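Chains as they are written, first to last, in numbering that gives the first Met the number 0: chain A, 0 to 84; chain B, 0 to 612. Ideal placement from N, C-alpha and C gives every residue a C-beta, glycine not left out. For clarity, every value in this text was computed on a predicted model and none was experimentally measured. See structure below.
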Amino acid sequence: MSNKDAHWEKTKSHMIVTLAIWFFFSIVVFLFGESLNTSSFLGYPLAYYMTAQGSLLAFIILIFWMSGKQEDIDEEFGFGEREDD
Amino acid sequence: MASSLQGKSFVQNLPKIYGTYTGGFILFILLMAVLESNGVSAKTIGQFFLAFTILIYALIGWLSRTVQVDAYYVAGREVPTVFNGMATAADWMSGASFVAMAGGIYFGGYIYMAFLVGWTGGYVLVASLLAPYLRKFGCYTVPDFIGTRYGGSLVRFCAVLVLVLASFTYVTAQINATGTIASRFLGIPFEQGVWVGLISILLCSMLGGMRAVTWTQVAQYIVLIIAYLLPVFWISNKFGFGVFPHLQLGAEVSRIAEIEAEFGLVKNTAEQLKAAGVPGGLAYISTPHSAVPAGSAWKYISLAICMMVGTASLPHILMRYFTTPSVKSARKSVAWSLFFIFLLYSSAPMLATLSKISLIDPTLSTGIIGKSISDVQNIEWVKNWIAVKQAYIADFNNDGILQLNEWFMRGDVVVLATPEVAGLPYVISGLVAAGGMAAAMSTADGLILAIANALSHDLYYKIINPKADVRKRLITARVLLVVIGALGAFIASMRLTGILGAVAWAFDFAMSGLFFPLVLGVWWKRATREGAIAGILGGLFSGTAYLVYVAPAFMNNTPWLQIDHLRFGIIGASVSLILMVVVSLATKEPDAATQKMVDDCRVPAGKTIIAKA
Numbered sequence: 000m001s002n003k004d005a006h007w008e009k010t011k012s013h014m015i016v017t018l019a020i021w022f023f024f025s026i027v028v029f030l031f032g033e034s035l036n037t038s039s040f041l042g043y044p045l046a047y048y049m050t051a052q053g054s055l056l057a058f059i060i061l062i063f064w065m066s067g068k069q070e071d072i073d074e075e076f077g078f079g080e081r082e083d084d
Numbered sequence: 000m001a002s003s004l005q006g007k008s009f010v011q012n013l014p015k016i017y018g019t020y021t022g023g024f025i026l027f028i029l030l031m032a033v034l035e036s037n038g039v040s041a042k043t044i045g046q047f048f049l050a051f052t053i054l055i056y057a058l059i060g061w062l063s064r065t066v067q068v069d070a071y072y073v074a075g076r077e078v079p080t081v082f083n084g085m086a087t088a089a090d091w092m093s094g095a096s097f098v099a100m101a102g103g104i105y106f107g108g109y110i111y112m113a114f115l116v117g118w119t120g121g122y123v124l125v126a127s128l129l130a131p132y133l134r135k136f137g138c139y140t141v142p143d144f145i146g147t148r149y150g151g152s153l154v155r156f157c158a159v160l161v162l163v164l165a166s167f168t169y170v171t172a173q174i175n176a177t178g179t180i181a182s183r184f185l186g187i188p189f190e191q192g193v194w195v196g197l198i199s200i201l202l203c204s205m206l207g208g209m210r211a212v213t214w215t216q217v218a219q220y221i222v223l224i225i226a227y228l229l230p231v232f233w234i235s236n237k238f239g240f241g242v243f244p245h246l247q248l249g250a251e252v253s254r255i256a257e258i259e260a261e262f263g264l265v266k267n268t269a270e271q272l273k274a275a276g277v278p279g280g281l282a283y284i285s286t287p288h289s290a291v292p293a294g295s296a297w298k299y300i301s302l303a304i305c306m307m308v309g310t311a312s313l314p315h316i317l318m319r320y321f322t323t324p325s326v327k328s329a330r331k332s333v334a335w336s337l338f339f340i341f342l343l344y345s346s347a348p349m350l351a352t353l354s355k356i357s358l359i360d361p362t363l364s365t366g367i368i369g370k371s372i373s374d375v376q377n378i379e380w381v382k383n384w385i386a387v388k389q390a391y392i393a394d395f396n397n398d399g400i401l402q403l404n405e406w407f408m409r410g411d412v413v414v415l416a417t418p419e420v421a422g423l424p425y426v427i428s429g430l431v432a433a434g435g436m437a438a439a440m441s442t443a444d445g446l447i448l449a450i451a452n453a454l455s456h457d458l459y460y461k462i463i464n465p466k467a468d469v470r471k472r473l474i475t476a477r478v479l480l481v482v483i484g485a486l487g488a489f490i491a492s493m494r495l496t497g498i499l500g501a502v503a504w505a506f507d508f509a510m511s512g513l514f515f516p517l518v519l520g521v522w523w524k525r526a527t528r529e530g531a532i533a534g535i536l537g538g539l540f541s542g543t544a545y546l547v548y549v550a551p552a553f554m555n556n557t558p559w560l561q562i563d564h565l566r567f568g569i570i571g572a573s574v575s576l577i578l579m580v581v582v583s584l585a586t587k588e589p590d591a592a593t594q595k596m597v598d599d600c601r602v603p604a605g606k607t608i609i610a611k612a
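The following block contains the structure:
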């Protein structure tokens with residue numbers, strides 16, 4: 000496997016992990032909205048909290064983590080960007 | 000025509016420039032507060048707020064004027080990560096987000112809040128599937144990517160078609176919002192307000208294209224976020240609900256549930272509403288604030304999916320990531336965009352909660368539910384809003400006491416009137432008007448520019464007249480900008496749609512026609528030109544056909560699987576995916592040059608693909 004292919008394989012699995020986490024916070028959580036709402040967080044019903052704040056925060060953290068890790072992958076294969084590019 | 004807003008020293012000075020600007024704006028707010036306490040009328044203060052902010056944006060627009068193609072289309076690709084995040088947030092948060100969202104949550108409860116998740120979760124798709132790769136591609140517009148990746152004028156033209164349809168659906172709603180605000184605060188008729196709004200919008204973008212829009216959007220973000228957060232924190236602290244409302248309103252949310260149980264969530268019948276003469280467009284509380292309605296999971300999720308996938312397909316958002324200096328800053332910039340959006344979106348449910356509790360809790364001095372109707376009718380703000388048909392009282396059970404289902408108001412009132420209801424000084428209402436104007440203007444600018452750029456770059460330069468010189472191209476771009484804006488203002492002045500219906504449709508159009516052709520263009524080398532054309536046109540036509548089939552305004556048939564007119568993108572995008580895969584596999588695989596191009600766009604290092612060609 001060439002360097003390029005190896006880089007893309009790793010990028011692909013990173014994308015799949017990212018989207019799996021995204022799927023959990025955007026879809027799976029809200030499949031169980033009714034039962035989640037019986038517990039609470041910060042005094043808010045849990046499903047209400049997730050749609051008002053929780054999932055939104057999770058998305059921000061997820062994208063920051065995803066970009067950091069992708070930069071590491073790019074560096075690892077020598078594809079990182081130089082200042083003078 | 001030299002211009003000062005570019006180059007390394009300008010970029011390095013950005014934090015200082017916008018820091019000074021923010022300080023100046025806060026001083027301006029304080030000055031208005033002083034004027035108010037010295038007896039200057041509310042109307043004058045509102046006018047000052049609008050005039051001052053619009054003049055600043057126009058000044059930035061003028062300073063950013065340019066005659067260079069790179070600066071006009073992609074802001075010279077020198078917008079730093081964090082500032083691009085701010086500009087994207089302003090580009091993103093429309094008049095609907097600013098004015099209508101808190102009201103939507105107020106009346107729509109949990110299901111409506113699927114918009115919050117949908118309009119943020121989509122950025123994960125943007126960051127992981129599209130933004131970095133499109134940036135590496137080095138295109139000027141979204142159809143530019145489609146046209147280069149798949150090759151040929153026809154596929155480029157199809158992409159332009161979807162872009163224009165989706166963006167134009169969206170832009171009329173924005174011009175409508177600028178018109179509403181301008182007419183309310185300048186005291187002119189709505190039809191004139193629309194044109195005032197349009198001129199303000201064009202002042203920002205005409206001379207400097209993307210560069211001018213970028214720097215005005217950053218300025219507009221600062222105004223709109225201050226205007227949104229200040230009242231939320233102020234009200235929460237004033238009534239002792241909590242110093243930091245986002246973390247401390249749990250008790251108020253459960254108190255609202257108690258009040259709902261006490262008064263009951265009664266649904267009025269259409270006959271009752273008609274008999275009582277309730278004006279159209281007003282709503283009353285009949286949906287629980289925080290409870291999840293039984294069996295609503297699919298209704299929630301399907302809406303969230305449409306908004307997320309639509310987000311990742313909207314050209315005016317994707318093109319913001321063409322302006323960053325590198326691929327990795329494009330990626331990080333998405334995270335910053337979402338952070339800046341979060342500041343407002345996480346405050347909208349808090350504002351809805353604060354506004355609701357202060358209105359419906361009979362134990363609070365501001366509460367009106369459970370009080371005598373004749374007393375409520377004498378409250379100053381109630382009188383004002385009833386006079387302009389934005390609020391209404393109907394005593395259905397004739398007991399002289401105001402019940403939850405007897406108080407009507409327009410959703411927008413939640414943002415526009417809450418400061419007044421809570422007894423905040425008028426200067427805050429003026430600030431909110433300036434914020435709403437900034438939100439609607441910044442989005443309208445992004446959208447009009449996306450349309451005009453696609454028409455001037457993809458349709459005119461790439462398809463009709465590839466020999467056109469730079470001067471001709473930029474003049475075409477500007478003429479189109481004015482024409483499209485005028486067309487949008489004309490349609491807005493006819494008042495065809497409510498703000499939110501049209502906004503959700505734009506997402507569905509974009510996801511039907513563009514999502515899979517864009518994503519598969521990067522992630523599936525085997526995707527062919529024929530596949531892309533089938534995907535774009537098939538998705539667009541099937542989605543539109545389904546919209547016509549279910550929309551109440553058209554054929555009004557019963558939706559399949561609860562996929563109603565707000566969710567028609569699910570049908571369009573599914574058809575688009577299937578057609579694209581089937582047709583691609585049935586046609587000859589892309590040539591070696593195209594495959595090499597896809598390979599190159601997957602690697603961050605090196606020159607952009609279009610620059611190489």
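Can you check whether the CB of residue j is closer than 7 angstroms to the CB of residue i?
i                 : j                    : result
valine 170(B)     : leucine 446(B)       : yes
tyrosine 56(B)    : threonine 177(B)     : no
glutamate 251(B)  : isoleucine 356(B)    : yes
tyrosine 283(B)   : phenylalanine 407(B) : yes
isoleucine 255(B) : histidine 288(B)     : yes
glycine 94(B)     : alanine 416(B)       : no
serine 345(B)     : glutamine 52(A)      : yes
leucine 197(B)    : glycine 484(B)       : yes
leucine 303(B)    : glycine 117(B)       : Checking the sequence, you will find alanine at residue 303(B) rather than leucine. For alanine 303(B) and glycine 117(B), yes; Cβs fall inside 7 angstroms.
leucine 4(A)      : proline 603(B)       : It is aspartate, not leucine, that sits at residue 4(A) in the sequence shown. It is not a contact, given that the beta carbons lie outside the stated cut-off.
glycine 18(B)     : glycine 410(B)       : no
alanine 443(B)    : isoleucine 200(B)    : yes
glycine 435(B)    : isoleucine 180(B)    : yes
leucine 202(B)    : arginine 64(B)       : no
Is there at least one Cβ from chain B nearer than 7 angstroms to residue i's Cβ?
i               : result
threonine 50(A) : yes
threonine 17(A) : yes
alanine 5(A)    : no
Give a yes or no on whether the minimum CB-CB distance between residue i and chain A is below 7 angstroms.
i                    : result
alanine 604(B)       : yes
alanine 645(B)       : With chain B represented from 0 up to 612, any question about residue 645(B) goes unanswered, as that position is not in the structure.
lysine 471(B)        : no
leucine 499(B)       : Confidence at leucine 499(B) is low in this model, with a pLDDT of 47, below 50, so the placement of that residue is unreliable and no value is reported for it.
alanine 550(B)       : no
phenylalanine 240(B) : no
methionine 440(B)    : no
serine 325(B)        : yes
arginine 528(B)      : no
tyrosine 299(B)      : yes
So with CB distances below 7 angstroms, who are the chain A contacts of residue i?
i                 : result
leucine 337(B)    : Phe58, Ile59 and Ile62
methionine 112(B) : Thr50 and Ala51
List, in chain order, every chain A residue whose beta-carbon is nearer than 8 angstroms to that of residue i.
i                : result
histidine 245(B) : Gln52
glycine 571(B)   : Simply none; closest approach about 19 angstroms.
glycine 249(B)   : Ser39, Leu41, Gly42 and Tyr43
valine 252(B)    : Gly42, Tyr43, Pro44 and Tyr47
Cβ of residue i within 6 angstroms of any heavy atom in the ligand HEM?
i              : result
leucine 153(B) : Questions concerning the ligand HEM fall outside what the structure shown contains, since it holds no ligand whatsoever.
Which chain A residues are close to residue i, counting only those with a beta carbon under 9 angstroms from its beta carbon?
i              : result
leucine 115(B) : Thr50, Ala51, Gln52, Ser54 and Leu55
Out of the options, which one is the CA nearest neighbour of residue i?
i              : options                                       : result
leucine 129(B) : Val326(B), Asp590(B) and Leu403(B)            : Val326(B)
tyrosine 72(B) : Ala585(B), Asp457(B) and Ile490(B)            : Asp457(B)
valine 333(B)  : Glu529(B), Ile462(B), Ser127(B) and Ala505(B) : Ser127(B)
valine 265(B)  : His315(B), Lys471(B), Lys7(B) and Gln402(B)   : Gln402(B)
serine 428(B)  : Ile145(B), Phe243(B), Phe47(B) and Leu26(B)   : Phe47(B)
valine 413(B)  : Gly487(B), Lys42(B) and Trp380(B)             : Trp380(B)
glycine 121(B) : Ser25(A), Lys68(A), Glu8(A) and Ala46(A)      : Ser25(A)
valine 478(B)  : Ala585(B), Ser204(B) and Phe338(B)            : Ser204(B)
ask   = Just by C-beta distance, which residues in the stretch 63 to 82 of chain A are closer than 8 angstroms to chain B?
value = The stretch 63 to 82 of chain A vs chain B, Cβ under 8 angstroms: Phe63, Met65, Ser66, Gln69, Glu70, Asp73, Gly77, Phe78, Gly79, Glu80 and Arg81.
inquiry  = Counting only Cβ-Cβ distances shorter than 8 angstroms, please list the residues of the stretch 118 to 129 of chain B near chain A, keeping chain order.
reply    = Of all residues in the stretch 118 to 129 of chain B, Thr119, Gly120, Tyr122, Val123, Leu124, Ala126, Ser127 and Leu128 have a Cβ within less than 8 angstroms of some Cβ in chain A.
request  = Residues of the stretch 344 to 363 of chain B with a CB closer than 7 angstroms to any CB of chain A: list them in chain order, please.
outcome  = Cβ contacts with chain A: Tyr344, Ser345 and Pro348.
query = Relative to chain B, which residues along the stretch 25 to 37 of chain A have a C-beta separation below 7 angstroms, given in chain order?
reply = Under the 7 angstroms Cβ criterion, the stretch 25 to 37 of chain A contributes Ser25, Ile26, Phe29, Leu30, Gly32, Glu33 and Asn36.
request  = Give, in chain order, every residue of the stretch 388 to 402 of chain B whose Cβ lies closer than 7 angstroms to some Cβ of chain A.
outcome  = Residues of the stretch 388 to 402 of chain B whose Cβ lies closer than 7 angstroms to any Cβ of chain A: none.
key: Near-chain A residues of the stretch 588 to 600 of chain B - C-beta to any C-beta below 7 angstroms   = Listed by position, the residues of the stretch 588 to 600 of chain B near chain A (Cβ gap below 7 angstroms) are Asp598.
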